[in-house]
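J.: Its first residue numbered 1229, the sequence shown is counted upward by one per residue in my numbering.
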Amino acid sequence: MFNYIKFALYIILVFFLAIPKLAKFEINSDKYSAREKFSFLEKHAKRALSIVNIKLNIIGKEKIPKEPVLFVINHSSMLDSFILVSSVDRPIGCVIADVPIWKNMPIISHWTKLIRCVYINRSNTREGIKSIIEASENILDGHSMAIFPEGDLTWVKEPNALVSDFRAGALKIAYKAKCPIVPLVIKNSKDTYEGYQPVGKITSMPVEVEFLDPIYDHIDNPKLKSTILSDSIKNNMIKKIEEFRSRS
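1) Answer yes if the segment 1375 to 1394 comes into contact with the segment 1426 to 1436, meaning at least three C-beta pairs across the two stretches below 8 angstroms, and no otherwise.
2) Can you tell me whether G1423 is helix, strand or coil according to DSSP?
3) Near G1428, what residues of its chain come up, given a Cβ to Cβ distance below 8 angstroms and the 5 sequence neighbours on each side ignored?
4) Counting only the same chain and skipping the five closest in sequence on each side, list residues whose C-beta sits under 8 angstroms from that of T1431.
5) Helix or strand or just coil, what does DSSP make of N1285?
6) Could you check if M1229 is buried or exposed, using at least 16 other CB atoms within 10 Å of its CB as the buried criterion?
7) Tell me which residue opens and which closes the alpha helix (DSSP H) that G1321 is part of.
8) With respect to the alpha helix (DSSP H) encompassing F1268, which residues constitute its N-terminal and C-terminal limits?
9) What residue from I1301, A1251, A1389, A1236 has the CA that sits closest to P1442's CA?
10) Spell out the partners DSSP gives E1436 in its beta bridges.
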C-alpha cells in the first residue's frame, strides 16, 4: 500500500501543477506545438512510474514509422496508460470509452481534449462511427492515435487470457486514415496494479514493452476484414507474451 500512497500523492501534486500549465496552453493553444503540450504528461507519467520503481524495458522503438500511425495496445493493468505515454516517441491522442468518469473528471478532461483524445460510445453505432471518423481525421492531420481494442482490462473480460478479444471496429480508424498500424505489446504489467478500482496495490517490478513491425495490410488491401486483421494482431501479441514468459 505504501507504493500506492506515494503514487497517489504524486498524482495529486501533478493535478495542482497542471492547472497553470493547462491554462497557458488553453488560452494560447496555437502558440504551442503538440509536442510541447504532450511533453508535460510524458514527463510526469515517467516520474510516476519511477516513484514506484516500475522500470520500462522498451524494445523495437526504431520500427515506428516517421508518419502518423495508429498504435494498438493490449491492456492488463490500470497503469497501462502511464506505460503507453512513457513509451511512445511522439504526441498521441487516445480513443477513450465515453463514460462519465473519464469525460467529466476535472483537469483530466481538459488534458484529453488538449492532446486530441477521442471519446467513443460503444453502445451507439452511429456515435461510434463519428468517433472513428474523428480519430482518423486526427491522424490525417498528422497526429498519431492510440487504442486499447480489448475495450477493458484483459483479465476482467477473460480471466485466463493473455490478450482478450478485440473490438475489431476500432481498427477502422487506420482503414479510413490509410495509416500504418503499430502493435505495442505490454508483456507483464498485470501484477503492477492489483485491482480494478481507483485504489489498489502497486507492485514494483520491471515491465517489458515491445513495438512490433508496422502493419500495412489494410492499406494494400482495403477489403481485408478488420476482424481478420484484429485476430492476427492479437495472436502476434500472445506469441510475444508467451516468448517473454518462457525466458523469464
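Even glycine gets a Cβ: it sits at the ideal position worked out from N, Cα and C.
T.: Checking against the coordinates, here is how it stands:
1) No, the segment 1426 to 1436 is not in contact with the segment 1375 to 1394.
2) Coil, per DSSP.
3) Closer than 8 angstroms at the Cβ level, and outside the excluded window around G1428, lie Y1232, M1306, Y1421, E1422.
4) Closer than 8 angstroms at Cβ, skipping near neighbours: N1231, D1419, T1420, Y1421, E1422.
5) Residue state for N1285 is assigned as strand, using DSSP reduced to three classes.
6) Exposure of M1229 is indicated by the presence of fewer than 16 other C-beta atoms within 10 angstroms of its C-beta.
7) From DSSP, G1321 is part of no alpha helix (DSSP H) but of the beta strand (DSSP E) over 1320 to 1325.
8) For F1268, the enclosing alpha helix (DSSP H) stretches over residues 1262 to 1279.
9) Among I1301, A1251, A1389, A1236, the Cα nearest to that of P1442 is on I1301.
10) Under DSSP, E1436 shares a beta bridge with N1285.
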